[in-house]
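This report refers to the structure that appears directly beneath it.
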Amino acid sequence: MFSAELGGKPGFAAQSVHSSREVDGDPMDDVMRKVKELEALVVELEALDRRRVGLGDRLVDLEHFFRRAGCPELSQQALDAFVVTYAGRVLELADGMRG
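Position in the sequence shown (first residue = 1) + 12 = our numbering.
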């Protein structure tokens, strides 16, 4: 049922659900519970992403402010925080998704 829609082998999804250690009742109940968990996690991740983008914007604003104010060390500190912590983590996560 689900596996054919996802491009898998017929019956594979049901077989996978039955083999899971977390399955303790009706497999479809377990699947639906995990669907709800996934949906909640996606909502939480979207909120976290919006916050993260806001933090990145603030770092960029600070870097520009310090540069215009003639404070190259502080400008560099803000830029480093953006590149290493903010952008670096995005690249690290993207690389992990590929693996």
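Even glycine gets a Cβ: it sits at the ideal position worked out from N, Cα and C.
Every value quoted in this text rests on a predicted model; they were computed, and no experiment measured them.
For the alpha helix (DSSP H) holding residue i, just list the boundary residues, first then last.
i: D107; result: G100 to R110
Kindly indicate which three-state DSSP category residue i falls into: helix, strand or coil?
i: G82; result: coil
i: D38; result: coil
How big is the Cα-Cα spacing for residue i and residue j?
i: K48; j: D38; result: 16 Å
i: D107; j: V72; result: 24 Å
i: F77; j: S87; result: 8 Å
i: L74; j: T97; result: 15 Å
i: C83; j: G100; result: 24 Å
i: D42; j: R63; result: 32 Å
i: M109; j: A81; result: 40 Å
i: M44; j: L50; result: 10 Å
i: S15; j: D92; result: Model confidence at S15 stands at a pLDDT of 41, short of 50, so the residue's coordinates are unreliable; what they give is reported in the following sentence. Cα-Cα distance, rounded: 45 Å.
Check the C-beta distance from residue i over to residue j and give it rounded, since I have them as a contact under 8 Å.
i: F94; j: G66; result: That pair is no contact at about 13 Å.
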